[in-house]
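Structure, as structure tokens:
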Amino acid sequence: MADKRVDIYLGASAMRTALGNSSETLSAMRRGEGGLRYSEEFGMYAGTAKVTLLEGFSRFESLLIEQIAEVVNQSGISLESDDVQLIISTTKGNIELLADCCDNLSERVFLYSSAERVADYFHCKKSPIIISNACISGVSAFVIAREQLCNGRCKHAIVAGCDTLCEFITSGFASFKSISDAPCKPYDTQRNGLTLGEAAAAVLLTTEPTAEGGVRVAGGAISNDANHISGPSRTGDGLYYAIRNAMQEAGVSRENIGFVNTHGTATRYNDEMESKAVAWAELDKKPLVSLKGYIGHTLGAAGVVETILCAEQLKSGAIFGTKNFSSSDTPHALQISAESQVSEGCACVKTASGFGGCNAAIVLDMGEQKGNIHTSTRKVRVAAEYTLPTSEQPFAEYIRAEFKALGESNMKFYKMSDMCKALYVSVEHLLSTEGFEETEPERRAIILANSSASLDADIAHQRIVNRHLAEGASPATFVYTLANVAAGEMAIRHKMQGDNTFFVERENSGLAEQYARSLIENNRADAVICGWCDLLAESWKVEIKLLKTDNNH
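For what it's worth, our numbering labels the leading residue of the sequence shown as 1263, then goes sequentially.
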């Protein structure tokens, strides 16, 4: 296809955080007020949101519906149109319902089911796209929305993110000893962990100019550290690649950047990694802000909430202070202040990082309209395909035999979740005939989808929680309650530092392959493993492909 310039604007938005609705949240933050309080229910500081339950809907679904309805009302955009795509980002969705149905699963604990209930409320013409990429889910959703809009699959997209707190989540993070005993202090020398929060937010992305201030989503990228599934890279290279690629796609230089809004969770290794990545991108002299001290770490909602807040800061030119910050000890000095700072650029960078080694970055821009140059001239070929056979054997016996038949000696295999083991064996077979050869690690991607997300591992974790064991939850179990960690394990194994998005859908629609192909066609990857990877109880289905550029075209 011929080159096509596409501008993607941020339109109407809505949010619900521990500080209230959109106007309440903004007003409180401008006054320097936070919403983190000690929760007797969870036995820790947290940012809890007020939820008005809708009849027949869960807390998670009710929060999502409230924000989407506000965007629909403000914009006049109808989800009943073929031109509108709903994209939902969440880490765990209705996971609080799992506590009562471990042995007899309710369909409502499946992410696709809750997303469909929300979509049905609005009579959506298109099936919702669900992204579950740990803590980068919200920022990833903007990258996926851009891909949908640039490729003409829709004219408008509503990106909505939400996560709520429950014992499943709080006990899991507590098992990593990563929870602060006071409201979190991002980047501060006295920081001692993160503070969890719950929130929901929605925002319209459109190819039509809006009246909301001309803020555009000018570029975005997703990457992987390929280093560790629960700890960030010690070098910051993965996040740096995401920032660099997002800025290149947006066509902005560091001189255009007015500020950086990082993930800023207040865990030491995350803060240190981000300082290295920001310095590597030569943005360490730019004002930097973390918003977690106001509303907590809101998981799959964080990227959506914080992007809306970034747009507000960009329009006003005033950057929120980093709440609870006094002084920093990061490896690279950053321009952080507890007081409001001034933004002197026309653009900003928003980043996120999460378990599984995933990173994402987007660029918001109010400068001269450049448009995103969209080209799809590169051809794609299927280099290899593999389907993991089914068996009458119990999965544990079957996959152990398959692993041994590979002649492998990687003892880490035995510590993985069953879904990871199924993917591990399948990827080894897939790459046995044709591998990555001379492809650069940052040009390798893995894009997966399934219907159960990580429910198999979720059940194992929930059973531990239900037993109220004195020693608490197991971090080795909890880390696999994120579907994208399976992709993260493969990224480590085969040094894939490109995109690593994980979709959830009722049935395999080919969405993962469609997105994988677009990465190659638009020169964002040279080799992509993509397909379906699902396992729940004793049922599994893994069908994957290796896509590559066709050098003959």
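All C-beta atoms, glycine included, are put in the ideal place defined by N, C-alpha and C.
Sequence-distant Cβ neighbours of Arg1506 in its own chain, meaning closer than 7 Å and more than five residues away, are Ala1543. DSSP, read as helix, strand or coil, puts Gly1455 in coil. Taking the CA atoms as reference points, Ile1557 sits about 13 Å from Ala1463. Your pair Ile1330 and Ala1422 checks out as a contact, with CB atoms roughly 5 Å apart and the cut at 8 Å. The beta carbon of Thr1529 lies closer than 8 Å to those of Ser1440, Arg1453, Gly1455, Leu1456 in the same chain, with the five residues before and after it left out. Relative to the Cα of Glu1470, the nearest Cα in the group Ser1714, Glu1534, Glu1704, Leu1272 belongs to Leu1272.
Rounded to whole angstroms, Gly1607 and Ile1598 show a C-alpha spacing of 17 Å. DSSP places His1691 in the uninterrupted alpha helix (DSSP H) bounded by 1680–1692. Glu1409 and Ala1276 have their alpha carbons spaced roughly 23 Å apart. The count of Cβ pairs closer than 8 Å, one atom from the stretch 1788–1797 and one from the stretch 1705–1714, reaches three, so the stretches are in contact. For Ile1350, there is no enclosing alpha helix (DSSP H); the enclosing beta strand (DSSP E) has its first and last residue at 1346–1351.
Asn1356 counts as buried, since no fewer than 16 other beta carbons sit within 10 angstroms of its beta carbon. Of all C-beta pairs linking the stretch 1548–1567 to the stretch 1339–1351, three or more are shorter than 8 Å, placing the two stretches in contact. The shortest CA-to-CA distance from Asp1720 to any of Ser1433, Val1268, Lys1312 is the one to Ser1433. Relative to the Cα of Leu1797, the nearest Cα in the group Gly1498, Leu1650, Leu1731 belongs to Leu1650. Bounds of the alpha helix (DSSP H) holding Leu1501 are 1499–1512. C-alpha of Ile1581 to C-alpha of Ala1504: approximately 23 Å in a straight line. Residues of the same chain with a CB within less than 6 Å of the CB of Tyr1383, apart from the 5 flanking positions on each side, are Ile1327 in chain order.
One alpha carbon belongs to Glu1647, the other to Glu1295, and they sit about 54 Å apart.
Boundaries of the beta strand (DSSP E) around Leu1272: 1271–1279. Around the CB of Arg1729, fewer than 16 other CB atoms lie within 10 Å, so the residue is classed as exposed. Membership of Val1804 in the beta strand (DSSP E) is indicated by the continuous run 1801–1811.
Secondary structure of Gly1734 (DSSP, three-state): coil. Taking each of Tyr1307, Cys1610, Leu1692, Phe1587 in turn and checking the Cα distance to Ile1570, the smallest one comes out for Cys1610.
The three-state secondary structure of Gly1294, taken from DSSP, is coil. Under a 10 Å Cβ-count criterion, Arg1706 is classified as buried, with 16 or more other Cβ atoms of the shown protein chains found around its own Cβ. Annotation: Arg1786 to Asp1591 spans about 35 Å, alpha carbon to alpha carbon.
In the DSSP assignment, the residues bridged to Cys1424 are Ala1462. Under DSSP, the beta-bridge partners assigned to Asn1283 are Arg1278.
A direct Cα-to-Cα measurement between His1594 and Val1401 gives close to 24 Å.
About 13 Å separates the beta carbon of Gly1500 from that of Tyr1531, a gap too long to meet the 8 Å contact definition. With a threshold of 16 other beta carbon atoms within 10 Å, Leu1731 falls short and is exposed. Contact holds between the stretch 1748–1755 and the stretch 1480–1488, because three or more Cβ pairs, one in each stretch, are under 8 Å apart. Within the same chain, and ignoring the five residues on either side of Phe1617 in sequence, the residues whose Cβ sits closer than 8 Å to its Cβ are Ala1396, Cys1397, Ile1491, Ser1492, Val1741, Leu1744, Asn1746, Val1747, Gly1750. DSSP assignment within the stretch 1297–1345 yields the following whole alpha helix (DSSP H) runs of 4 residues or more, N-terminal first: 1321–1337. Annotated three-state conformation of Phe1438 is coil, per DSSP.
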